[in-house]
Amino acid sequence: MEKVTHLALDRPSMSGIRTLVDLFEGSCQSRGEAPLFGTKSGESFVWISYAAMQRRVAELRFLLRELGVTRGDRVAIIADNSVDWAGICYAAAGCSAVTVPMYTAQNPSDWEYILNDCGAKVAFLGTKKVTEAFEKIRENLPALEHAVPMTGSAPLSLNGRLAVLNAHTADIEPPTPDDPAAFIYTSGTTGHPKGVVLSHWNIVSNVVSSASTFPLYATDRSLSFLPWAHALGQTVDLHLMVHVGSQIGLNGDLSELLSNLKIVKPTILIAVPRVFGRIYEGVRKQMAERPKAIRTLFSKGIQAATRASQGEKLDWIGRAWLATAERLIFGRVRERFGGCLRFAISGSAALNQDVAEFVNALGIQVYEGYGLTEASPVVTVNTPTHRRFGSVGKPIPGVTVTIAPVVAENPAVGEIIVSGPNVMQGYYRSPEDTAQVLTADGQLRTGDMGRLDEDGFLIITGRIKEQYKLQNGKYVVPTPIEEQIKLSPLIDHCLLYGADKPYCVLMVVPNRNALESEAEERGIDLSNLEQDPKIIALLKQEVSTCVQGLQSYMRPKKLLVVAEEFTVNNGFLTPSLKVRRQEVIEKYHGRLMKMYEGSHAD
48 MEKVTHLALD
58 RPSMSGIRTL
68 VDLFEGSCQS
78 RGEAPLFGTK
88 SGESFVWISY
98 AAMQRRVAEL
108 RFLLRELGVT
118 RGDRVAIIAD
128 NSVDWAGICY
138 AAAGCSAVTV
148 PMYTAQNPSD
158 WEYILNDCGA
168 KVAFLGTKKV
178 TEAFEKIREN
188 LPALEHAVPM
198 TGSAPLSLNG
208 RLAVLNAHTA
218 DIEPPTPDDP
228 AAFIYTSGTT
238 GHPKGVVLSH
248 WNIVSNVVSS
258 ASTFPLYATD
268 RSLSFLPWAH
278 ALGQTVDLHL
288 MVHVGSQIGL
298 NGDLSELLSN
308 LKIVKPTILI
318 AVPRVFGRIY
328 EGVRKQMAER
338 PKAIRTLFSK
348 GIQAATRASQ
358 GEKLDWIGRA
368 WLATAERLIF
378 GRVRERFGGC
388 LRFAISGSAA
398 LNQDVAEFVN
408 ALGIQVYEGY
418 GLTEASPVVT
428 VNTPTHRRFG
438 SVGKPIPGVT
448 VTIAPVVAEN
458 PAVGEIIVSG
468 PNVMQGYYRS
478 PEDTAQVLTA
488 DGQLRTGDMG
498 RLDEDGFLII
508 TGRIKEQYKL
518 QNGKYVVPTP
528 IEEQIKLSPL
538 IDHCLLYGAD
548 KPYCVLMVVP
558 NRNALESEAE
568 ERGIDLSNLE
578 QDPKIIALLK
588 QEVSTCVQGL
598 QSYMRPKKLL
608 VVAEEFTVNN
618 GFLTPSLKVR
628 RQEVIEKYHG
638 RLMKMYEGSH
648 AD
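In our numbering, each residue's number is its place in the sequence shown (first place is 1) plus 47.
This is the structure we're talking about:
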């Protein structure tokens with residue numbers, strides 16, 4: 048098996064940081080009145096300092112104790128990112144309790160399952176809408192003792208309880224590094240969500256190790272919009288930024304993201320690939336509508352910037368193209384993101400190489416990483432000192448990556464195995480599931496496929512469970528192909544299918560807004576979206592362009608256009624926006640099978 052490892056990370060090397068309590072209290076002591084969290088008020092952001100946040104956490108810790116929370120109790124949060132979300136998390140850690148975060152976008156039935164599975168004692172509810180939805184499941188939660196709304200000033204709300212709090216010094220035994228800090232429930236792409244048990248040491252080791260790979264400073268500022276219920280959001284967007292003493296602006300409504308970027312002017316952006324994909328799509332669309340001279344300047348500028356980023360020395364013509372494009376185009380694009388970005392970090396899913404190189408050429412340095420909830424979550428990352436487009440970087444210090452062959456014909460590609468202090472303790476109350484992913488010596492079988500290149504960079508090739516074999520014996524890994532196809536502005540979602548079939552077919556959900564604009568220009572009527580031959584021909588051409596570089600057996604031979612969007616509400620997407628493949632295939636199985644009637648593809 049191929050293996051890449053960095054130096055082991057032992058506890059004494061952590062400068063005394065062993066738990067989330069150490070991390071938070073240490074940053075508050077060193078940063079004092081420096082700003083920590085910013086919340087939008089009108090057209091500006093109001094900031095709360097580290098010292099004020101420390102006092103708020105102390106109040107919340109007293110409240111949790113008054114609510115009967117003790118060591119090992121579970122404290123659930125169903126809320127979007129906020130000052131009090133972070134406060135409850137750090138207060139629970141101070142009580143040696145366990146934080147159980149959930150998404151506001153989740154179905155209430157998922158909340159019910161998770162709350163009963165973890166046996167939560169207290170649940171904090173983010174908004175009036177969440178509170179109203181929660182009331183419908185409240186009677187089904189016998190172990191839950193308190194449900195506390197986080198907004199308003201009613202007596203039983205968070206602020207109402209704090210107003211009459213009899214704050215007192217309570218003897219609280221601090222958590223140990225091996226105590227659970229969080230149960231982060233998986234997205235549930237198959238079956239019920241599983242509670243990933245992460246200890247204080249799992250998370251803290253991941254935070255400090257990640258910090259050692261990047262030039263992060265107390266002067267840095269982020270704009271937080273990745274949910275902290277997500278492992279990447281909580282570890283990197285919250286704990287890592289607090290650890291280095293940075294400032295965190297809280298975005299709130301996603302519809303205000305662009306305007307908030309201009310106000311907060313972040314130096315660091317932590318996002319998922321879809322955000323960078325939208326940048327790619329949006330800029331390309333805008334350029335397509337500009338005069339030919341501007342399009343030429345843009346194209347030449349991108350080419351020159353890409354060559355320069357690869358270490359090529361530009362001649363005077365290349366330098367001129369780049370300088371002009373930078374002044375007239377690239378700088379203006381960056382201004383839409385506040386104009387101060389030093390770099391952006393992409394995680395949670397694979398970032399298309401074309402997108403990464405494109406955004407990087409615009410002057411937004413993008414560093415892609417790889418991780419999963421069960422690894423706290425960071426495993427590998429590209430950094431300013433070692434970056435390779437098309438890869439997810441090298442393992443962070445203390446983490447080992449091993450490749451276990453899956454297909455005999457290609458032993459270099461196999462399952463990614465992870466070991467290190469970041470590997471979870473297991474799935475809560477699920478010993479069988481735990482045994483399937485953790486080896487006897489504590490290594491994590493990720494279920495992801497990949498390979499290590501000659502320099503130790505990890506390249507992800509897909510999910511083991513998602514790959515399928517065609518009748519000709521060829522294996523297809525659908526996710527990278529789907530991500531390539533979704534670069535088309537006309538396509539919102541897609542699903543490649545072909546297990547045990549003679550060829551691949553593709554289900555496509557069009558991007559209605561983009562399609563409407565295109566249809567208007569071509570005189571196409573969208574009233575019959577799924578059957579109109581002109582629409583199908585247009586989308587076939589888009590797909591053909593996106594997959595032209597793939598081997599023929601990987602390219603879809605037929606297209607199924609569906610009007611139904613993939614959403615969390617209809618069960619086709621997880622709360623972290625991963626596609627629930629089996630649910631989609633089950634719903635559309637009959638129509639997929641019809642595309643195989645007859646002996647030839649179109």
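Yeah, the Cβ is synthetic: ideal placement off N, Cα and C, and Gly gets one too.
Predicted model only: the values in this text are computed from it and were never measured.
**Q.** Euclidean distance between Cα positions of MET642 and LYS605
**A.** The C-alpha of LYS605 is placed about 7 Å away from the C-alpha of MET642.
Q: Can you check the segment 519-553 for any alpha helix (DSSP H) of at least 4 residues that lies completely inside it and give the ranges in chain order?
A: The segment 519-553 contains these whole alpha helix (DSSP H) runs: 525-532.
Q. Going by other Cβ atoms of all chains shown within 10 Å of its Cβ, with 16 needed for buried, is ASP157 buried or exposed?
A. buried
Q. In angstroms, rounded to a whole number, what distance separates the CA positions of GLN629 and ARG638?
A. 15 Å
Q. First and last residue of the alpha helix (DSSP H) that includes LEU209?
A. 205-210
Q | TRP363 classed as buried or exposed, judged by whether at least 16 other C-beta atoms fall within 10 angstroms | A | exposed
Q. Is the number of C-beta pairs between the segment 110-125 and the segment 139-152 that are closer than 8 Å three or more?
A. Verdict: yes, contact present.
(Q) Contact defined as beta carbons within less than 8 Å: I believe PRO607 pairs with MET554. What is the distance between those atoms, to the nearest angstrom? (A) Checking the sequence shown, residue 607 turns out to be Leu, not Pro. 5 Å between Cβ atoms; contact.
Q: Give the DSSP-derived three-state secondary structure of TYR474 in the structure shown.
A: strand
Q) Under the rule that 16 or more other beta-carbon atoms within 10 Å means buried, what is GLY348, buried or exposed? A) buried
Q. How is the beta strand (DSSP E) around VAL428 delimited, first residue to last?
A. Run containing VAL428: 425-428, per the beta strand (DSSP E) assignment.
Q.
Three Cβ pairs or more, each shorter than 8 Å: is that satisfied between the segment 475-485 and the segment 506-518?
A. no
Q.
Do THR420 and VAL31 have their beta-carbon atoms positioned less than 8 Å apart in this structure?
A. Past the boundaries of the shown model lies residue 31; the chain is included only from 48 to 649, so the question cannot be answered.
Q: Indicate the three-state DSSP secondary structure (helix, strand or coil) for MET197 in the structure shown.
A: coil
Q) Just the Cα atoms here: how many angstroms apart are ASP164 and LYS87? A) 35 Å
Q.
Rounding to the nearest angstrom, what Cα-Cα distance links THR151 and LEU620 in this structure?
A. 14 Å
Q: Evaluate contact between the segment 125-133 and the segment 271-282, counting only Cβ atoms and requiring at least three cross-stretch pairs below 8 Å.
A: Of all C-beta pairs linking the segment 125-133 to the segment 271-282, three or more are shorter than 8 Å, placing the two stretches in contact.
Q) Do you know whose CA, among ALA335, ARG65, ALA99, ARG108, lies nearest PRO222's CA? A) Out of ALA335, ARG65, ALA99, ARG108, ARG65 has the C-alpha closest to the C-alpha of PRO222.
Q.
Measuring only the C-alpha atoms, how far is HIS239 from GLU90?
A. HIS239 and GLU90: Cα-Cα distance of roughly 42 Å.
Q.
Measuring straight from C-alpha to C-alpha, what distance separates TRP248 and ASN206?
A. As the crow flies, the alpha-carbon of TRP248 is around 32 Å from that of ASN206.
**Q.** Cutoff 6 Å; reference SER60; Cβ partners in own chain excluding five residues on either side
**A.** Residue placement at SER60 is poorly supported in this model, since its pLDDT is 40, which falls under 50; the coordinates still yield a value, given next. Excluding positions up to five away in sequence, the list is empty.
Q. Is the CB-CB distance between ILE443 and VAL425 below 8 Å?
A. yes
**Q.** Beta bridge counterpart(s) of SER306 as assigned by DSSP
**A.** Answer is none; SER306 lacks a bridge partner.
**Q.** Length of the line joining the Cα atoms of VAL582 and ARG321
**A.** For the sequence presented, residue 582 should be read as Ile rather than Val. Roughly 24 Å between the two C-alpha positions.
Q.
For the structure I just gave you, are there three or more beta carbon pairs, one from the segment 558-570 and one from the segment 530-542, closer than 8 Å?
A. Yes, they touch.
Q) Alpha carbon to alpha carbon, what distance is there between LYS587 and ALA258? A) 45 Å
(Q) Which same chain residues end up closer than 8 Å to ALA228 when comparing Cβ atoms and leaving out the 5 residues on each side of it in sequence? (A) THR66, LEU67, ALA140, VAL145, THR146, PRO222, LEU245, SER246, HIS247, ASN249, ILE250
Q: Please list, in chain order, all residues of the same chain as THR353 whose beta carbon is under 7 Å from its beta carbon, the five residues on each side excluded.
A: GLU404, ALA408
Q) Any idea what DSSP makes of MET642, helix, strand or coil? A) coil
Q. Helix or strand or just coil, what does DSSP make of GLN350?
A. helix
Q | VAL251: first and last residue of the uninterrupted alpha helix (DSSP H) it sits in | A | 247-258
Q. How about ILE326 and ASP284: are their beta carbons less than 8 Å apart?
A. no
**Q.** Whole runs of the alpha helix (DSSP H) within the segment 565-613, excluding any shorter than 4 residues
**A.** 580-593
(Q) For VAL406 and MET334, I'd like the C-alpha separation in whole angstroms. (A) So the alpha carbons of these two residues sit roughly 14 Å apart.
Q: Below 6 Å CB to CB, which residues in the same chain sit around LYS175 once its five sequence neighbours on both sides are set aside?
A: Within the same chain, LYS175 has no close Cβ partners at all.
Q: Could you please give the first and the last residue of the uninterrupted alpha helix (DSSP H) stretch that includes LYS176?
A: 175-182
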